[in-house]
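Chains as they are written, first to last, in our numbering: chain X, 35 to 246; chain B, 35 to 246.
Cβ coordinates follow ideal geometry from the N, Cα and C atoms, glycine included.
Because the structure is a prediction, the values reported are computed rather than measured.
There are 2 protein chains.
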Amino acid sequence: MSVMWMSELSQRSGVPVPTVKFYLREKLLQSGVATGATRAVYDESHVDRLRLIRALVDVGGMSLDRVRAVIAAVDDTGRDLHEVLASAHEELSPVPEREPSAESRDRVARLVRTRRWKVTPQGRHSEALAAALDTLEEAGQGLPDDALTTYADAAALVAKGEVGSMSGASREGAATYAVLGTVLAEPVLLTLRRLAHENLSSRRFGRASARS
Amino acid sequence: MSVMWMSELSQRSGVPVPTVKFYLREKLLQSGVATGATRAVYDESHVDRLRLIRALVDVGGMSLDRVRAVIAAVDDTGRDLHEVLASAHEELSPVPEREPSAESRDRVARLVRTRRWKVTPQGRHSEALAAALDTLEEAGQGLPDDALTTYADAAALVAKGEVGSMSGASREGAATYAVLGTVLAEPVLLTLRRLAHENLSSRRFGRASARS
Chain X
35 MSVMWMSELS QRSGVPVPTV KFYLREKLLQ SGVATGATRA VYDESHVDRL RLIRALVDVG
95 GMSLDRVRAV IAAVDDTGRD LHEVLASAHE ELSPVPEREP SAESRDRVAR LVRTRRWKVT
155 PQGRHSEALA AALDTLEEAG QGLPDDALTT YADAAALVAK GEVGSMSGAS REGAATYAVL
215 GTVLAEPVLL TLRRLAHENL SSRRFGRASA RS
Chain B
35 MSVMWMSELS QRSGVPVPTV KFYLREKLLQ SGVATGATRA VYDESHVDRL RLIRALVDVG
95 GMSLDRVRAV IAAVDDTGRD LHEVLASAHE ELSPVPEREP SAESRDRVAR LVRTRRWKVT
155 PQGRHSEALA AALDTLEEAG QGLPDDALTT YADAAALVAK GEVGSMSGAS REGAATYAVL
215 GTVLAEPVLL TLRRLAHENL SSRRFGRASA RS
């Protein structure tokens, strides 16, 4: 395994040297191997750790305390990969601005039960989903059950591919991917939905397109 | 068809009276039927129009000029429903902060061609998609082709149900739904994806869950 100085570590990870030093002091980044009184060398594991920290901070929008908790989960080999991923995912769903209605909570609980999804009951994602259902309801666009089922099917389809691709990764790599892949891929999914809308609307409702 | 005074129109639509008057002056809202020198009555068509305006402004984040363009499309029966929906959808995708790479644009064009999607070439949604692919690439999380295919399948699945449910609606109702359904349902799709992740990760990587 090749080693590198601080300057190369900074370059490789895209994290400025003062910030790398800050992470070292905060013990978020493991120490390098000392090669003298004031110098140390680093390796790929440091690059990976810095990428994870940046993903959690920049993309996940997490506080340093939260970052510390995720890294503790990565480092504690007594915790399984699912716990690591759950920890990295925890803050990615918004906290609902107010409490979801009992109806929407029931609806989410029913969906989870019907699909036998193994998820934290009334966890952060469930609560955010219930709140999103309330918002639609209040806008007079309540989601019928079959539409919710279709959404759940689509979500399961997407998640299957995503979680599958984590299997081969290191704990650190999987946690990084869990944050980056989840957040950064969202616009891909949402813009594809708009393109698919445009296509179907054009085919179903477009007179001009029927001629072409 | 029952008629109503301004006060009831305001109450039914949730739009304050001064704002209703502003929309009347701006000719975004059609006039009521005059019942005297200073009074007029309104009907359901006014409630629907106000709901559309509020959807475009509050949820779609559109300028008044843009709202005027959508309403012109709704009112111009020479334009088919697809044009109305495309107009309502137009600004819902973010304008990429910088130009997408040629590679990502090609990738989007290829996807559209392979699926025979009838969409505006290099339209707003395509550009936003290409930019989102660039962002993933730069974060070292480039989306493989099979993952993009899975996302497109999921998007097509979701859009099919959504566009189908517009068939029976009025032009105004369909435009309102196009904006509200598209924007407000996004958190539903995204939180379901997280729940599906949690479930799969728990099943594949969770030791504790294997015991239960």
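- Message: With a threshold of 7 Å on Cβ separation, who are the neighbours of L115 of chain B within its own chain once the five nearest residues in sequence on each side are excluded?
- Response: Working through the second sequence from its first residue, we reach residue 115 of chain B at position 81. By the criterion of a C-beta distance shorter than 7 Å, L115 of chain B is surrounded in its chain by R205, A208, once the five residues flanking it on both sides are discounted.
- Message: Measuring alpha carbon to alpha carbon, tell me which residue in B:F239, B:W151, B:S138 is nearest E172 of chain B.
- Response: Sequence index remark: in the second sequence, residue 172 of chain B carries index 138 (1-based). Residue B:S138 is the option with its Cα nearest to E172 of chain B.
- Message: Per DSSP, what are the beta-bridge partners of A193 of chain B in this structure?
- Response: Locating residue 193 of chain B in the second sequence gives position 159, counting from the first residue. A193 of chain B is not bridged to any residue.
- Report back the beta-carbon spacing between L234 of chain X and K194 of chain B to the nearest angstrom; my notes put them in contact at under 8 Å. As a working mapping, residue 234 of chain X is identified with position 200 in the first sequence. As a working mapping, residue 194 of chain B is identified with position 160 in the second sequence. So it is a contact: roughly 6 Å between Cβ atoms.
- Query: Taking the DSSP output, what are the residues bridged to A107 of chain B?
  - Reply: In the second sequence, the residue the question calls residue 107 of chain B occupies position 73. DSSP, once it has assigned bridges, lists no residue as partnering A107 of chain B.
- With DSSP as the reference, label M96 of chain B as helix, strand or coil. In the second sequence, counting from the first residue as 1, residue 96 of chain B sits at position 62. If DSSP states are grouped into helix, strand and coil, M96 of chain B belongs with coil.
- Determine, using beta carbons only, whether S243 of chain X comes closer than 7 Å to chain B. Taking the first sequence and counting its residues from 1, one reaches residue 243 of chain X at position 209. Note that S243 of chain X scores a pLDDT of 48, beneath 50, so its modelled location is shaky; the value from the coordinates is reported in the next line. At least one chain B Cβ lies under 7 Å of S243 of chain X.
- Item | Residues of the stretch 225-240 of chain B with Cβ closer than 9 Å to any Cβ of chain X, in chain order | T225, L226, R227, R228, L229, A230, H231, E232, N233, L234, S235, S236, R237, R238, F239, G240
- Own chain residues within Cβ distance below 8 Å of S243 of chain X, not counting five before or after: Locating residue 243 of chain X in the first sequence gives position 209, where the first residue counts as 1. Legend: pLDDT at S243 of chain X = 48, less than 50; position of this residue unreliable, value from coordinates given subsequently. If we look at S243 of chain X and ignore the five residues flanking it on each side, its Cβ neighbours are S236, R237.
- Query: Where does the unbroken alpha helix (DSSP H) through S160 of chain B begin, and where does it stop?
  - Reply: As a working mapping, residue 160 of chain B is identified with position 126 in the second sequence. Its alpha helix (DSSP H) spans residues 158-172.
- Contact with chain X by E220 of chain B, beta-carbon distance below 7 Å: Residue mapping note: residue 220 of chain B aligns to position 186 of the second sequence, counting from 1. At least one chain X Cβ lies under 7 Å of E220 of chain B.
- Task: Check whether the Cβ atoms of T210 of chain X and A89 of chain X sit closer than 7 Å, and answer yes or no.
- Result: In the first sequence, residue 210 of chain X corresponds to position 176, counting from 1. In the first sequence, residue 89 of chain X corresponds to position 55, counting from 1. For T210 of chain X and A89 of chain X, yes; Cβs fall inside 7 Å.
- Would you mind telling me which residues of chain B sit closer than 7 Å to D187 of chain X, beta carbon to beta carbon, in chain order? One-based indexing of the first sequence puts residue 187 of chain X at position 153. Correct list: L191.
- Query: Cα separation between L223 of chain X and R100 of chain B?
  - Reply: Position 189 of the first sequence, counted from the start, is the residue given in the question as residue 223 of chain X. Position 66 of the second sequence, counted from the start, is the residue given in the question as residue 100 of chain B. Answer to the nearest angstrom: the Cα atoms are 25 Å apart.
- Task: Using a Cβ cut-off of 7 Å, pull out every chain B residue sitting near V197 of chain X, in sequence order please.
- Result: The sequence position of residue 197 of chain X within the first sequence is 163, counting from 1. Result: H231, L234, S235, R238.
- Would you report the Cα separation of R245 of chain X and R132 of chain X, rounded to the nearest angstrom? Position 211 of the first sequence, counted from the start, is the residue given in the question as residue 245 of chain X. Position 98 of the first sequence, counted from the start, is the residue given in the question as residue 132 of chain X. With a pLDDT of 41 at R245 of chain X, under the threshold of 50, the modelled position of that residue is not reliable, and the figure given next carries that caveat. Going by the C-alpha atoms only, they are around 50 Å apart.
- Query: Any idea which residues DSSP pairs A254 of chain X with across the strands?
  - Reply: There is no way to answer for residue 254 of chain X, as the model of chain X reaches only from 35 to 246.
- Query: DSSP state of M38 of chain X, grouped into three classes?
  - Reply: The residue given as residue 38 of chain X occupies position 4 in the first sequence. M38 of chain X: strand per DSSP, three-state reduction.
- H231 of chain X to H159 of chain B, Cα distance in whole Å? Indexing the first sequence from 1 puts residue 231 of chain X at position 197. Indexing the second sequence from 1 puts residue 159 of chain B at position 125. Rounded to the nearest angstrom, the two C-alpha atoms are 10 Å apart.
- Residues near R85 of chain B in its chain [Cβ-Cβ closer than 7 Å; skip 5 each side]: Looking up residue 85 of chain B in the second sequence gives position 51. For R85 of chain B, the CB contacts under 7 Å within the same chain, skipping 5 residues up- and downstream, are S47, T210 in chain order.
- Going straight from the alpha carbon of Y57 of chain B to that of D92 of chain B, what length do you get? Translated into the one-based positions of the second sequence, residue 57 of chain B becomes position 23. Translated into the one-based positions of the second sequence, residue 92 of chain B becomes position 58. So the two alpha carbons sit approximately 15 Å from each other.
- Item | Cβ of S79 of chain X within 7 Å of any chain B Cβ | Taking the first sequence and counting its residues from 1, the one referred to as residue 79 of chain X is at position 45. Answer no: the Cβ-Cβ gap between S79 of chain X and chain B never drops below 7 Å.
- What in chain X is Cβ-close to V54 of chain B, meaning under 9 Å? Looking up residue 54 of chain B in the second sequence gives position 20. Within chain X, no residue comes near V54 of chain B; the closest Cβ sits about 18 Å away, beyond 9 Å.
- Message: For a test of the three-state rule: what should DSSP assign to G215 of chain X, helix, strand or coil?
- Response: In the first sequence, counting from the first residue as 1, residue 215 of chain X sits at position 181. Residue state, collapsed to three classes: helix.
- With 7 Å as the threshold, decide whether the Cβ of W39 of chain B is near any Cβ in chain X. The residue given as residue 39 of chain B occupies position 5 in the second sequence. So, not an interface residue.
- Proximity test, Cβ basis, 7 Å: K61 of chain B and chain X: Translated into the one-based positions of the second sequence, residue 61 of chain B becomes position 27. Not one chain X Cβ lies under 7 Å of K61 of chain B.
- Item | CB-CB length for T38 of chain X against V67 of chain X, believed under 8 Å | One-based indexing of the first sequence puts residue 38 of chain X at position 4. One-based indexing of the first sequence puts residue 67 of chain X at position 33. The question names Thr, but residue 38 of chain X in the sequence shown is Met. Contact doesn't hold; Cβ gap of about 11 Å is too wide.
- Item | First and last residue of the uninterrupted alpha helix (DSSP H) at K55 of chain X | For the purposes of this step, residue 55 of chain X is taken as the residue at position 21 of the first sequence. Run containing K55 of chain X: 51-59, per the alpha helix (DSSP H) assignment.
- Message: Strictly below 7 Å CB to CB, what residues from chain X border A107 of chain B?
- Response: As a first step, residue 107 of chain B must be located in the second sequence, where it is residue number 73. Per Cβ cutoff of 7 Å: no residues; A107 of chain B is ~12 Å from chain X at best.
- Message: For V129 of chain B, count the other beta carbons within 10 Å of its own beta carbon; 16 or more makes it buried, fewer makes it exposed. Which is it?
- Response: Walking along the second sequence from the start, residue 129 of chain B turns up at place 95. Exposed, because fewer than 16 other Cβ atoms sit within 10 Å of the Cβ of V129 of chain B.
- Message: Out of B:R73, B:S97, B:V213, which one is the CA nearest neighbour of A120 of chain B?
- Response: By 1-based counting over the second sequence, the position of residue 120 of chain B is 86. That would be B:V213, whose Cα lies nearest to the Cα of A120 of chain B.
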